[in-house]
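Take a look at the structure set out below.
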Amino acid sequence: MILKGIVVAILASLYVDAQNSCELIEWTGGQFDWPNAATKSIYRSSGRYIPKNIIATRGQIFKDEVFLALPRYKPGVPVTLAKVSFKQKGCEAVLLPFPCWSVQDESDTTALQNVVDLYLDENSILWVLDIGVVNTLTNPIRRGPPKVLAINVLTGKKVKTLDLSGLVCQASRLQYLVVEYAPDGKPYVYVSDAATRSILVFDVAGNRGYRVVLPRAVASSRRDVLYIALIHKAGFQNYLVMTYLSGSKIFQIRTEFLRSGCADGKIQDLGSKGGKLVILGTDLGSGLFFRYEGKPEIYRWEVGSLFKDYELVYKSPECYLATHVMPDVSRHRVRVLESNFPDFIQETVGCGVSHRVSLMISSVN
């Protein structure tokens, strides 16, 4: 199911006032549903569980559950893919490993190592980007190959594993992924590789992948963070919007050109961003959500031929910044995952990172 855009008809100030009365999921650090007390004690004493090193950065919503990426930026993250429920009671959410504890073991090269992004498609398949390198902010260690896993959220069963080893080099930095189904119904996975100025394209049905190198103009400055977002327009006019954090401009390309493996002359310049822009997500239609670096205000832009006419739709509370905007399809809402992650980077979080999954927009068409 694809949401056909989103109409924001309320003044931005009303969004800020209303968010205080919206339903929330909140937690600090990582409180897990442990198999037993002994297991928790072993993990804590061995340094495999350090609550202040746990942060949720990306999420996807399916019915009453929020699936979360918990990147292993630092040691002590026992689970890198988890879920929380909207139905749970109490002020502190409890995280459940997904699909289970056994697939989270760093010592198993076939297990999940470092999940950095998620994408839930219309067929209830959760696509998971695992870069294979742990402790990326402290002492990077490669535990396994970079891969994308496809997991059925209804059953928790893995249905596909895409090995990205042949598409990367030593310098590669894989950051974000999106998934689309082509007109013939075949799924394609797109992954951003910031260091090589590339989009990795994987034809899932054909079990083959290739690299599409972007023009130099896309990375006119530092190759820091390469954001991508999938935009759906009428008549299967799908686009991949992309921009580097430090880049001065934002771009888009028709996904049919990516599927054909050729981007030469096909990328459209959408204009200047006016600052360092962080893409947060979409409404599964043609609406793109973003904020500026270090700023709590979230804007929505109806993607067109030029970057203009965007509007304020939300403002994070003091000390919080958004890392992902997530459509809540079953409730016709849009939610935001936010935390005090700047404190996490600066190691000033105390006992743990404060997280919120809050209501951003209460109704969509």
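Residue numbers (mature numbering (1 follows the signal peptide of the UniProt record, and there is no 0)): -18 to -1, 1 to 347. Here a beta-carbon is modelled for each residue, glycine too, at the ideal position from N, C-alpha and C.
Shown here, Ala245 sits in coil according to DSSP, grouped into three states, outside any helix or strand.
A check of alpha carbon separations from Ile24 across Ile37, Gly58 and Ala51 identifies Gly58 as the nearest. At a Cβ-Cβ threshold of 8 Å, Leu240 and Leu212 do not count as neighbours. Rounded to the nearest whole angstrom, the C-alpha separation of Asn322 and Val161 is 29 Å. Taking C-beta separations shorter than 8 Å and ignoring five residues to either side along the sequence, the partners of Leu6 in its chain run Arg338, Val339, Ser340 and Leu341, following chain order. In the structure shown, Gly263 adopts extended strand secondary structure according to DSSP, grouped into three states.
A distance below 8 Å separates the beta carbons of Thr178 and Cys151. The DSSP assignment places complete beta strand (DSSP E) segments of no fewer than 3 residues inside the stretch 3 to 41 at 6 to 10, in order along the chain. Following the DSSP letters along the chain, one finds Phe323 inside the alpha helix (DSSP H) bounded by residues Phe323 to Gln328. Here Gly148 carries a helix assignment [DSSP, helix/strand/coil].
In the pairwise beta carbon analysis, the stretch 298 to 310 is classified as touching the stretch 23 to 43: at least three pairs are separated by under 8 Å. In this structure, Lys277 keeps its C-beta atom at 8 Å or more from the C-beta atom of Ser254.
Assignment of Thr91 by DSSP, reduced to helix, strand and coil, places it in the coil class.
Nearest in C-alpha terms to Gly243, of all of Tyr172, Gly286, Ala19 and Leu108, is Tyr172.
Judged by DSSP secondary structure, Gly191 falls within the beta strand (DSSP E) whose first and last residues are Arg190 to Val195.
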